[in-house]
Amino acid sequence: MRRRLLAWYRHHRRDLPWRTDPTPYAVWVSEIMLQQTTVTAAVPFYERWMKRFPTLRDLAAADEEDVLRLWAGLGYYNRARNLHRAAMQIVSEGDGEIPHTVTDLMDLPGIGRYTAGAIASIAFGERVPVVDANVARVLARFFAVREEVSTADGQRILWDHAEDLTQTNNPGDLNQALMELGALVCTPTSPRCDICPIQPLCRAAQRGDMHRYPVLRERPEAVEVTEVGAAVERKGRFLILRRPKSGRMAGMWEFPHGPLRGGEPAETVAPMVKSLTGLDIHIDEPLRTIEYTFTHHQITLHVWRARATGGRVHRRSHDAHRWVALRDLMSRPMATAQRRIVEALMESAGGRQLDLLELGEESEESAPI
DNA sequence: AACTCGGGGTC
DNA sequence: GACCCAGAGTT
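Numbering-wise (this note's numbering), the first sequence opens with residue 23 and increments by one.
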């Protein structure tokens, strides 16, 4: 099975950026980005990251604000904070070298059994297994594992199989081959058993019931949430708040917003901004409604344009605030939903300039673009 | 063992 | 629009 798999991998492996020079740091960064994130989504972020933080020391020396700025859009922001903290930990407490073993790697924040195994095997050649969603699927089919993947029994069985397979001279390639097969051939909904190099040895393929593996836990139903928010303007600048150091989206900037607990959205904005910031505002007009989904929440966020009319910013659940000009908003670390608010503001500003241009054209003047 | 994480691609 | 993804941390 290993021989077939490795032969296939050598021929079909994708040319991914972290494979051109798989230093321990490169492997580490890629593995953190790829946690719960598809390869396609991670690639452009990886390229930018390595340009800005080429080495572990560059990362350790960076401000968290810069780290989050580069991560903005990838989601799961604690990954970036943990990566940064781990880099600082290695440089300050260690010798500046990334640990070589699973045990030592797992002492670092953001590195669990999977990521420790990936770094140790790929970068250092340690004979240790990895079980991610790809490997779990491949092995569950190959060995016809009936146990639910997320249970303790299911995990133990899969890790045991993976560990057996990894007792070889090139554990890093073996692990990557398993993941690559899961990504390209042994896919979730329609596996390509016809082109699979290990199909003749696969229990599920022999039985013809590939679709029954892996056994996954039922997902909870999505919860619909309505939120209201405001782009509050004062003297041409907009109010943004920074979330505290811990918890969800720690350290990220956002417009004042919050869940609608009842009543009409339009009538809830001003009280929400008041309780969040202490500011009195005047609502001008609806700006945009933004819909997005995460985990099992479906959010509908209604955002209004508003002006500050009085009061002082006191901040309740945030640790900083700034009044920022529109052109500077995008350079703050903000999650995607918040960036869409900035986009809406820029589009409406652009529209206003276009209105001016059209007025100019009506008066027979040539307007520069 | 269950829950959370605030992104996005694929089919 | 489901479903899934190179998981980890917290409760």
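Glycine is no exception: its CB is placed at the ideal position from the N, C-alpha and C atoms.
Practice problem: Spell out a yes or no on whether the region 133-145 and the region 39-54 are touching, meaning 3 or more CB-CB pairs, one atom from each, closer than 8 Å. | Solution: Using a C-beta cut-off of 8 Å, the region 133-145 makes contact with the region 39-54, since at least three inter-stretch Cβ pairs fall below that distance.
Exercise. Starting from ASP302, trace the beta strand (DSSP E) both ways and give me its first and last residue.
Key: Along the first sequence, one-based indexing puts residue 302 at 280. Looking at the DSSP string, the run of the beta strand (DSSP E) that includes ASP302 is 302-316.
Exercise. Using three-state DSSP, classify ARG32 as helix, strand or coil.
Key: Residue numbering aside, residue 32 sits at position 10 when the first sequence is read from its first letter. Note: ARG32 maps to helix in three-state DSSP.
Quiz prompt | Exposure of ASP175, with buried meaning 16 or more beta-carbon neighbours within 10 Å | solution = Your numbering for residue 175 matches position 153 in the first sequence. With fewer than 16 Cβ atoms within 10 Å of its Cβ, ASP175 is classed as exposed.
Practice problem: Determine which residues share a DSSP beta bridge with PRO281 and list them. | Solution: Numbered from its first residue, the first sequence carries residue 281 at position 259. DSSP lists GLU249 as partners of PRO281.
Self-check item: Cβ contact (3+ pairs, closer than 8 Å) linking the region 59-78 and the region 230-250
Solution: no
Quiz item: Which first and last residues belong to the beta strand (DSSP E) in which HIS122 is found?
Solution: Within the first sequence, residue 122 is the residue found at index 100, counting from 1. Taken as a continuous stretch (DSSP letters only), HIS122 belongs to no beta strand (DSSP E), as it is neither H nor E.
Practice problem: Quick one: using the 10 Å Cβ neighbour count with 16 as the cut-off for buried, is MET23 buried or exposed? | Solution: In the first sequence, the residue the question calls residue 23 occupies position 1. Per the 10 Å Cβ criterion, exposed.
Quiz item: Helix, strand or coil: how does DSSP classify VAL237 here?
Solution: Translated into the one-based positions of the first sequence, residue 237 becomes position 215. The answer is strand: DSSP assigns VAL237 an E or B state.
Practice problem: Out of THR358, THR123 and ILE262, point me to the one whose CA is closest to GLY147's CA. | Solution: By one-based count along the first sequence, residue 147 stands at place 125. Among THR358, THR123 and ILE262, the Cα nearest to that of GLY147 belongs to THR123.
Exercise. Note down the Cα distance separating GLY132 from ILE54, rounded to an integer number of angstroms.
Key: Numbered from 1 along the first sequence, position 110 holds the residue referred to as residue 132. Numbered from 1 along the first sequence, position 32 holds the residue referred to as residue 54. If you take the alpha carbons of GLY132 and ILE54, they lie about 8 Å apart.
Self-check item: Cutoff 7 Å; reference VAL157; Cβ partners in own chain excluding five residues on either side
Solution: If you number the first sequence from 1, residue 157 lands on position 135. Counting only Cβ-Cβ distances below 7 Å, and skipping sequence neighbours, we find ALA184, LEU200, MET201 and GLY204.
Quiz item: Under 8 Å, do ILE120 and PRO44 count as touching if we go by C-beta distance?
Solution: Position 98 of the first sequence, counted from the start, is the residue given in the question as residue 120. Position 22 of the first sequence, counted from the start, is the residue given in the question as residue 44. Cβ atoms of ILE120 and PRO44: not closer than 8 Å.
Exercise. Please specify which runs of the alpha helix (DSSP H), each continuous and at least 4 residues long, are wholly inside the region 338-369, giving them in chain order.
Key: 348-351
Exercise. Decide if the region 335-344 is in contact with the region 79-95; the criterion is three or more beta carbon pairs, one per stretch, under 8 Å apart.
Key: no
Quiz prompt | Whether MET274 touches TYR98 by CB criterion (8 Å) | solution = Working through the first sequence from its first residue, we reach residue 274 at position 252. Working through the first sequence from its first residue, we reach residue 98 at position 76. No, Cβ-Cβ distance for MET274 and TYR98 is not below 8 Å.
Quiz item: For PRO278, which of THR290, LEU38, GLN189 and GLN177 has the nearest alpha-carbon?
Solution: Counted from its first residue, the first sequence places residue 278 at position 256. It is THR290 whose Cα lies nearest to the Cα of PRO278.
Quiz item: Going by alpha carbons, who is nearest to ILE312 out of GLY251, TRP30 and PHE165?
Solution: For the purposes of this step, residue 312 is taken as the residue at position 290 of the first sequence. Of GLY251, TRP30 and PHE165, the residue nearest in Cα terms is GLY251.
Quiz prompt | Start-to-end residues for the beta strand (DSSP E) that takes in ILE321 | solution = Translated into positions along the first sequence, residue 321 becomes position 299. It spans 319-332 - the beta strand (DSSP E) in which ILE321 sits, taken as one unbroken run.
Quiz item: Can you tell me whether ASN191 is buried or exposed, with buried defined as 16 or more other CB within 10 angstroms of its CB?
Solution: Position 169 of the first sequence, counting from 1, holds the residue named residue 191. Per the 10 Å Cβ criterion, exposed.
Exercise. Please report the residue range of the beta strand (DSSP E) in which PHE260 lies.
Key: Translated into positions along the first sequence, residue 260 becomes position 238. Residues 259-264.
Practice problem: Using only alpha-carbon positions, find the residue among GLN320, LEU161, TRP326 and GLU240 that is nearest to ASP306. | Solution: On the first sequence, residue 306 is found 284 positions in, with the first residue counted as 1. Closest by alpha carbon: TRP326.
Quiz prompt | Start-end ranges of the alpha helix (DSSP H) lying completely within the region 170-231, minimum 4 residues | solution = 174-187, 193-206 and 225-229
Quiz item: When you compare only the Cα positions, how much space is there between LEU301 and TRP181?
Solution: Here residue 301 is taken as the residue at index 279 of the first sequence, counted from 1. Here residue 181 is taken as the residue at index 159 of the first sequence, counted from 1. Whole-angstrom Cα-Cα distance: 54 Å.
Quiz item: What three-state label does DSSP hand ARG393 in the structure shown?
Solution: Since the first residue of the chain shown is 23 and the last is 391, residue 393 is not available in this structure.
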